[in-house]
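Engineer: Sequential numbering from 390 applies to the sequence shown in my numbering. In this text, a Cβ means the ideal position worked out from N, Cα and C, and glycines have one as well. Note that the structure is a prediction, hence the values are computed from the model and not measured.
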Amino acid sequence: MPGVGLSSPSFAPAGARTAGNGRRQRSAAALAALPVLIGLLATAIVVSIGVGAVAVAPGTTIGVIGHRLGFWGQGGWTTVEEVIVWDYRVPRVLLAALVGGLLALVGAVLQAVVRNPLADPWVLGVSSGAGLGAVALVLASGTAVAGVPLAGGAAAGSALATTALFVLARRQGRLTPVRLVLAGVALSYLFSAGTSYLVLTSDANKVFGILYFLLGSVAEADRTDLLLPAIALLLGALHVLGRARALDALMTGDETAVALGVSADRVRGEMLLTTSVLTGVAVAVSGGIGFVGLVVPHITRMVVGAGHRRLLPTAVAGGAVFLVLADTVARTVAAPLELPIGVVTALVGAPFFLWLMRRDGAARRGGVDSR
390 MPGVGLSSPS FAPAGARTAG NGRRQRSAAA LAALPVLIGL LATAIVVSIG VGAVAVAPGT
450 TIGVIGHRLG FWGQGGWTTV EEVIVWDYRV PRVLLAALVG GLLALVGAVL QAVVRNPLAD
510 PWVLGVSSGA GLGAVALVLA SGTAVAGVPL AGGAAAGSAL ATTALFVLAR RQGRLTPVRL
570 VLAGVALSYL FSAGTSYLVL TSDANKVFGI LYFLLGSVAE ADRTDLLLPA IALLLGALHV
630 LGRARALDAL MTGDETAVAL GVSADRVRGE MLLTTSVLTG VAVAVSGGIG FVGLVVPHIT
690 RMVVGAGHRR LLPTAVAGGA VFLVLADTVA RTVAAPLELP IGVVTALVGA PFFLWLMRRD
750 GAARRGGVDS R
């Protein structure tokens, strides 16, 4: 039509205007998501600290924390309340937040690296490998192992699992989604069987503690457990954020990534090494907690989009909120008994995983690639 430019807003196609509106709405949601999640995290932490056999009011919780941090003096709370809040519940809840952030970060990166929304350290067998490495180190040492050595053993196990996964899932040089999930499930069973063998042939006095560790728990957390995951989360998040554009390129496929100047193999190897270390740290301090890296990044991506500069920090905050809430449920739903936190995340994550697989299958039958 002469004299009319296609860029004119009045004459833009309806589909283009709709797409533009959708992008603006998603951009607004992305800007709001992180502050909202940070507020939710602060609220969840205060509420979770107050829940337990001895209930503590939110005002008392905030007062004790502020007093211990030097912001104000002693308040009207009792010594028992101060000990419960500061010595027992604060380390536990903060560790849950740190581990949730780590697992969500790992899940978001793995989903980009393999271009599959079903990727998760637990689903793909990476967490099982980390658990095997940690248990093998503990039993081989014959003494209590914690901190960096235990994280090193877990990281070695997760690195072994990740390497085996990529070797088994490749077909003609390409990663296929079905082979990836099947290989991950097979490896998860294999490493779990190896762990079970080590546990059953070990000292009977250690069996219950190891099994509880493998199901995931932050019940025994103290302040010394917080430093390692805090450093790992900070350094890991900064490193991965620095590769956000490369991860965006990987999502488009290796050929497109190379055309954009990104070495797909180098970035993939770098990210796999990073996720192996982060998974090892998470497993070392909390045991095997599944599905956080599946559920949280996927929901976050629906809100803020696939761009990793926005996705990664939002996923970390979302993972922290998710695991703090899961831990609260784990220690209250069957009180005075306490469930392993991995049981709660599995009850949420397994149906979500099945829904994703069903949706993915329906999309493929409709001729749409949901990857």
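1. Please work out which residues of its chain come closer than 6 Å, Cβ to Cβ, to Ala-543, disregarding the five sequence neighbours upstream and downstream, and give them in chain order.
2. So, with DSSP's three-state summary, where would you put Arg-559?
3. Within the same chain, show all residues whose beta-carbon is closer than 6 Å to that of Leu-604, passing over the 5 residues directly before and after it, in chain order.
4. At the level of alpha carbons, what is the spacing between Ala-739 and Phe-680?
5. Could you pull out every residue in the same chain whose Cβ sits closer than 6 Å to the Cβ of Gly-392, ignoring the five residues on either side in sequence?
6. Starting from the Cα of Arg-504, find the closest Cα among Val-737, Trp-461, Leu-683 and give me that residue.
7. Indicate the three-state DSSP secondary structure (helix, strand or coil) for Val-445 in the structure shown.
8. With DSSP as the reference, label Asp-592 as helix, strand or coil.
9. Quick check on Asp-611: buried or exposed, where buried means 16 or more other Cβ atoms within 10 Å of its Cβ?
10. Relative to the C-alpha of Val-512, which candidate in Gly-707, Leu-571, Val-527, Arg-747 has its C-alpha closest?
11. Would you mind giving the Cβ-Cβ distance between Val-710 and Leu-491, rounded to the nearest angstrom? I have them listed as a contact below 8 Å.
12. Hey, out of Ala-621, Val-556, Arg-478, whose CA is closest to Ile-454's CA?
13. Would you kindly work out how many angstroms separate the C-alpha atoms of Leu-499 and Gly-514, rounded to a whole number?
14. Excluding the 5 residues flanking Asp-637 on each side, which residues of the same chain have their C-beta closer than 7 Å to its C-beta?
15. Quick one: what does DSSP say Thr-467 is sitting in, helix, strand or coil?
16. Counting only runs that start and end within the stretch 574 to 621, where is the alpha helix (DSSP H) found for 4 or more residues in a row?
17. Find the nearest neighbour of Ala-619 within the set Leu-487, Arg-748, Val-445, Thr-432, judged by alpha-carbon distance.
18. Classify Ala-638 as helix, strand or coil using the three-state DSSP reduction.
19. Pull up the CB-CB distance for Ala-646 and Leu-639, whole angstroms please, since I reckon it's below 8 Å.
20. Quick check: Leu-745 and Pro-506, are their CB atoms within less than 9 Å of each other?
21. Going by C-alpha distance, which of Ala-431, Asp-509, Asn-594 is nearest Ala-735?
22. Any contact of the stretch 647 to 661 with the stretch 572 to 592, i.e. 3+ C-beta pairs under 8 Å?
23. Run through DSSP, which three-state label would Thr-407 get?
24. Check each candidate in Gly-546, Ala-525, Leu-622 and name the one with the smallest Cα separation from Tyr-586.
25. With DSSP as the reference, label Asp-509 as helix, strand or coil.
26. Comparing C-alpha positions only, which one of Ala-724, Arg-720, Ile-434 sits nearest to Glu-609?
27. To the nearest angstrom, how far is the alpha carbon of His-628 from that of Arg-690?
28. How is Pro-538 classed by DSSP in three states: helix, strand or coil?
29. In the DSSP assignment, find the unbroken alpha helix (DSSP H) run with Thr-721 in it and report its ends.
30. Within its chain, find whatever has a CB closer than 7 Å to the CB of Val-495; leave out the 5 residues flanking it on each side and keep chain order.
31. Assign Glu-644 to buried or exposed, taking buried as 16 or more other Cβ atoms, counted over all protein chains shown, within 10 Å of its Cβ.
32. What does the alpha-carbon distance come out to for the pair Val-757 and Val-482?
33. Going by the CB atoms, is the gap between Val-502 and Leu-661 shorter than 9 Å?
34. Can you tell me whether Leu-743 is buried or exposed? The criterion is at least 16 other CB atoms within 10 Å of its CB, across all chains shown.
35. For Gly-708, count neighbouring C-beta atoms within 10 Å of its own C-beta (all shown protein chains included) and say buried if the count is 16 or more, exposed if not.
36. Straight-line CA distance for Ala-558 to Arg-568?
Structural biologist: On the basis of the data shown:
1. If we look at Ala-543 and ignore the five residues flanking it on each side, its Cβ neighbours are Ala-519, Gly-522, Ala-523, Gly-669, Val-672, Ala-673.
2. In the three-state DSSP reduction, Arg-559 falls in the strand class (E or B).
3. Only residues of its own chain outside the window of five on either side were considered, and among them Pro-729, Gly-731 have a CB closer than 6 Å to the CB of Leu-604, listed in chain order.
4. For the pair Ala-739 and Phe-680, the Cα-to-Cα distance works out to about 7 Å.
5. Annotation note: pLDDT 43 at Gly-392 (below 50); position unreliable, coordinate value reported separately. Hits under 6 Å: none found.
6. Of the residues Val-737, Trp-461, Leu-683, the one whose Cα lies closest to the Cα of Arg-504 is Leu-683.
7. In the structure shown, Val-445 adopts coil according to DSSP, grouped into three states.
8. Coil, per DSSP.
9. Classification of Asp-611: exposed, given that the 10 Å Cβ count is below 16.
10. Cα-wise, what sits closest to Val-512 is Leu-571.
11. With 8 Å as the limit, Val-710 and Leu-491 do not qualify as a contact, their Cβ atoms being about 14 Å apart.
12. With distances taken between Cα atoms, Ile-454 lies closest to Arg-478.
13. Near 12 Å, if we compare the C-alpha coordinates of Gly-514 and Leu-499.
14. Close CB contacts of Asp-637 within its chain, under the 7 Å cut and outside five residues either way in sequence, are with Gly-696, His-697 (chain order).
15. Three-state result, Thr-467: coil.
16. If we require 4 residues or more, the alpha helix (DSSP H) runs fully inside the stretch 574 to 621 come out as 593 to 604.
17. It is Leu-487.
18. Here Ala-638 sits in helix by DSSP.
19. Yes, Ala-646 and Leu-639 are in contact; Cβ-Cβ is about 5 Å, under 8 Å.
20. In this structure, Pro-506 lies closer than 9 Å to Leu-745 by Cβ.
21. Nearest of Ala-431, Asp-509, Asn-594 to Ala-735, Cα basis: Asp-509.
22. The answer is no - the stretch 572 to 592 does not touch the stretch 647 to 661, with fewer than three Cβ pairs under 8 Å.
23. With a pLDDT of only 48 at Thr-407, under 50, the local geometry of the prediction cannot be trusted, and the value read off the model is given with reservation. Thr-407: helix per DSSP, three-state reduction.
24. Answer by Cα proximity: Ala-525.
25. Coil.
26. Distance check between Glu-609 and each of Ala-724, Arg-720, Ile-434 places Arg-720 closest, using alpha-carbon atoms only.
27. Answer to the nearest angstrom: the Cα atoms are 20 Å apart.
28. It is helical.
29. Neither: Thr-721 is in no alpha helix (DSSP H) and is coded neither H nor E.
30. Listed in chain order, the non-local C-beta contacts of Val-495 below 7 Å within the same chain comprise Pro-510, Thr-664, Leu-667, Thr-668, Gly-682, local neighbours out to five positions each way being set aside.
31. By the neighbour-count rule (16 or more Cβ atoms within 10 Å), Glu-644 is not buried but exposed.
32. Because the pLDDT at Val-757 is just 44, under 50, the model does not fix this residue reliably, and the value given afterwards should be weighed accordingly. Rounded to whole angstroms, the gap between the alpha carbons of Val-757 and Val-482 is 41 Å.
33. The answer is yes: Cβ separation under 9 Å.
34. Around the beta-carbon of Leu-743, fewer than 16 other beta-carbon atoms lie within 10 Å, marking it exposed.
35. Gly-708 sits buried, since 16 or more C-beta atoms from the chains shown fall within 10 Å of its C-beta.
36. Ala-558 and Arg-568 have their alpha carbons spaced roughly 5 Å apart.
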